[in-house]
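> Chains as they are written, first to last, in full-length UniProt numbering: chain F, 1 to 359; chain H, 1 to 359. Ideal placement from N, C-alpha and C gives every residue a C-beta, glycine not left out. Sharing a structure, written as structure tokens. Questions coming.
There are 2 protein chains.
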Amino acid sequence: MNMLDLDAPYLRLDTAILESNIRAMSASAQARGLGLWPHAKTHKSVEIARRQLDAGAAGLTVATVGEAEVFARAGAPGIFIAYPLWVTPARAERLLKVASQTQLRIGVDSPSAADQLARFGIPAEVMIEVDSGHHRSGCPPEAAGALAAHARRLGLTVAGVFTFPGHSYAPGRGDAAADDEGRAVSEAVAGLKNAGVAAPVVSGGSSPSAAYSRSVLTDIRPGVYVFNDAQQLELGACTPEEIALTVVATVVSKPAGRMVLDAGTKTLGADRAVWASGHGRLLEHPDARITAASEHHATVEMSGPLPALGSRILVVPNHACNAVNLHDQYVLTGGSAALGADGGSAGPVTWAVDARGMN
Amino acid sequence: MNMLDLDAPYLRLDTAILESNIRAMSASAQARGLGLWPHAKTHKSVEIARRQLDAGAAGLTVATVGEAEVFARAGAPGIFIAYPLWVTPARAERLLKVASQTQLRIGVDSPSAADQLARFGIPAEVMIEVDSGHHRSGCPPEAAGALAAHARRLGLTVAGVFTFPGHSYAPGRGDAAADDEGRAVSEAVAGLKNAGVAAPVVSGGSSPSAAYSRSVLTDIRPGVYVFNDAQQLELGACTPEEIALTVVATVVSKPAGRMVLDAGTKTLGADRAVWASGHGRLLEHPDARITAASEHHATVEMSGPLPALGSRILVVPNHACNAVNLHDQYVLTGGSAALGADGGSAGPVTWAVDARGMN
């Protein structure tokens, strides 16, 4: 089967670049003495998680109970739900099963959430979430000690603290966000110590701030690095050669000097940060900009001759995590993984997006 | 089964409001003598399409071949793929099958796309797409006549012209966009007449411009009206009472006077127009604003006392079409459709998002 016979738009994964990205992050974490817990919400794929673990990851980070179920079943040695879960009876049953399959850690940022965990007897370690400046979830650093002490009084085991310095997602903010992160988790760790809670884990990091992360961290949870995307490119956190994931689109319309592709927000996602140059980038046309996107249209402006109608174009989504969740499978290319067992004649090799929609 | 036992976030559909929205649009189209071809990309649901057809819709509009397959199989009498499709060999096979099941119309905005349709012998009627000011796909109105003549020379049947006045999606722009639409399709229709192509259909409309649409139209293709969403609300195209679709979320965190819900861009979609007040609205808290959204977090600012941790909150997505495509099913509420055959004791009634991911 020829790749042109595949109906576009589809998700294309270059496995050679994927494996190189996985190796590079493992080497970087190891060199800095950091435990690597890759965030699997980015890829939602058992095949990719297995490669991350084989390359030295200590465990996997996830955002939801559904993701935890998929990766626990697949044999991950440890799973950290880095999210302030609210445990309900239905959810408790599922968490008990996950905890029987793997070492489970769960984020907590309020006494009430800790109460729920204890009430249902979930045998998970608690990770105290701290707000380091992103102002999303997470308790203030100065409240971490009291929260940890509360959890311990409930009989829960506190493994440590974590934060997501998401305010690093703006041009030139990586270093300052890492600074905030270092200060916040240091204060939280001191608070735990003052409260008499000995908890060894200090987990942090975001892709744009990872290179700057301070030595107080023991663990990192990068996600997007496996694929990279237009956001990371435009923030300077990756090069074009490190982009493993694209959406293959078709040129369907060329009115009045512009070009319209059949990949839109239902295949690329609708993320567009205020600082983004557009709705994604074209891997092979660095000067092109996607100036508008609707569900099934990406409008491209570029200099030079426009590709012919019917041409296939590789689109780099702004945000890989949301793009992946819109697809059921990856179509592999690049390196030996793209070949089927019989050498490739049987058609394209695909990997499932196993946890798609489990949000 | 209690609705609280359902693991949130999930998609909640009030069927009483849904049915009222369907009836109102059918009555409005009938009163104006317009053929109603609802856009099924919004709901991707056979159950909902059936109700639209039962209420008097002439056929269904879709955006992709995958959607056409789902609704042709379900027995839709006519399907209009309102998109400038590029036909490949693999796609031709699928289109031939769809054309054997229903009356098929396909959008065309270039001579080359018409050539492809003819080359593969797809027995579909051609609809010429015209740009009426949205500047996405569509040929200029003055080019419609020549394109229609070209299609006819290829042996294709030209059914008419269509446009999408998508530039209506901004506050106060509905009337002006309807004006542009009227002018563009009138020029296109005149062009077809000059080229000797008699084609009866003139299809247009968008939800914010529908109320203003000019009498030159014969057909309309509204989509979002079945559900409505935060965009339509903020554009004044619907009232809160006409909103049938919400995402049920849980309050998971309440740090420092704000509230964080567990519905984010992976369950609500990431659409946020420049004029939108935030990343969605809370149905029961009209003054609340979602000031930030990430994949699994919606950060809410509101006055008055915040709901308790663990509370369920009804979130109105900014853009229903993208929100629906993130879910596998609707959970029904409101009216008799929410009751199971045995009166509701067997658990929640759901409808599948049949064409989810077929983008």
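1) Kindly give me the distance between the Cβ atoms of P77/H and G56/H, rounded to whole angstroms, as I take these residues to be in contact under 8 angstroms.
2) Could you tell me the boundaries of the beta strand (DSSP E) in which E129/H lies?
3) Which residues of chain H have a Cβ atom closer than 9 angstroms to the Cβ of K41/F, listed in chain order?
4) Would you mind giving the Cβ-Cβ distance between L34/H and L306/H, rounded to the nearest angstrom? I have them listed as a contact below 8 angstroms.
5) Exposed or buried, which one is M358/F when buried takes at least 16 other CB atoms within 10 Å?
6) Across the segment 94 to 105 of chain F and the segment 120 to 134 of chain F, are there enough close Cβ pairs to call them in contact, namely three or more that are closer than 8 angstroms?
7) For L261/F and V252/F, I'd like the C-alpha separation in whole angstroms.
8) Alpha carbon to alpha carbon, what distance is there between S206/H and G166/H?
9) For my contact list, R256/F and I313/F are in at a C-beta cut-off of 8 angstroms; report their separation, rounded to the angstrom.
10) Taking the DSSP output, what are the residues bridged to P84/F?
11) Using DSSP's beta-bridge definition, name the partner residues of G205/H.
12) Output the boundary residues of the beta strand (DSSP E) element that contains L60/H.
13) Where do the N-terminal and C-terminal ends of the beta strand (DSSP E) with H297/F fall, by residue?
14) Helix, strand or coil: how does DSSP classify A6/H here?
15) Could you spell out the range, first to last residue, of the alpha helix (DSSP H) harbouring L156/H?
16) Does the segment 289 to 302 of chain H come close enough to the segment 263 to 276 of chain H to have 3 or more Cβ pairs within less than 8 angstroms?
17) When Cβ atoms are compared, which residues of the segment 100 to 113 of chain F fall closer than 9 angstroms to chain H?
18) Determine the chain H residues that contact D328/F at a beta-carbon separation under 9 angstroms, and present them in chain order.
19) For chain H, find out if any of its Cβ atoms is closer than 7 angstroms to the Cβ of L95/F; answer yes or no.
20) Determine the direct distance from the alpha carbon of R281/F to that of L268/F, and round the result to whole angstroms.
21) Under the three-state reduction of DSSP, which class applies to D175/F: helix, strand or coil?
22) With DSSP run on the structure shown, which of helix, strand or coil describes Y225/F?
23) Could you have a look at C238/F and say whether DSSP puts it in helix, strand or coil?
24) List, in order along the chain, the chain F residues whose C-beta lies closer than 9 angstroms to that of D7/H?
25) Return the residues of the segment 221 to 240 of chain F that lie within a Cβ-Cβ distance of less than 8 angstroms from chain H, sorted by chain order.
26) Since G334/H and A16/H are thought to touch, with beta carbons under 8 angstroms apart, how far apart are those beta carbons, to the nearest angstrom?
27) Please identify the residue among F227/H, E301/H, Q116/H, V353/H whose C-alpha is closest to the C-alpha of R23/H.
28) Hey, T163/F and V185/F: beta-carbon distance below 7 angstroms or not?
29) Restricting to Cα atoms, I'd like to know which of A63/H, S26/H, N21/H is closest to A40/H.
30) Listing by chain order, which chain F residues have their CB less than 7 angstroms from the CB of S303/H?
31) On the DSSP letters alone, give me the boundaries of the alpha helix (DSSP H) that D15/H sits inside.
32) Please report the straight-line C-alpha distance between T88/H and Q116/H, rounded to a whole angstrom.
33) Per DSSP, what are the beta-bridge partners of L261/F in this structure?
34) What does the alpha-carbon distance come out to for the pair A31/H and E241/F?
35) To the nearest angstrom, how far is it from the Cα of G145/H to the Cα of D175/H?
36) Using a Cβ cut-off of 7 angstroms (strictly closer), state whether D271/F contacts chain H.
Here's the rundown:
1) Contact flag wrong, Cβ pair sits at about 12 angstroms.
2) 125 to 129
3) K266, E295, H296
4) Incorrect: roughly 46 angstroms between the Cβ atoms, too far for contact.
5) buried
6) yes
7) 6 angstroms
8) 7 angstroms
9) The displayed chain sequence assigns Ala, not Arg, to residue 256/F. About 19 angstroms separates the two Cβ atoms, so there is no contact after all.
10) G107/F
11) According to DSSP, G205/H bridges with nothing at all.
12) 60 to 62
13) 297 to 301
14) According to the sequence shown, residue 6/H is Leu rather than Ala. Reduced to three states, the DSSP call for L6/H is coil.
15) Counting along the chain, L156/H falls outside any alpha helix (DSSP H), and DSSP gives it neither H nor E.
16) yes
17) D109, S110, S112, A113
18) G357
19) no
20) 11 angstroms
21) helix
22) helix
23) coil
24) V65, G66, T88, A90, R91, R94
25) none
26) 4 angstroms
27) F227/H
28) yes
29) A63/H
30) Simply none; closest approach about 18 angstroms.
31) Here the sequence assigns Thr to residue 15/H, which means Asp is not the residue at that position. Its alpha helix (DSSP H) spans residues 15 to 31.
32) 8 angstroms
33) V251/F, A298/F
34) 58 angstroms
35) 26 angstroms
36) yes
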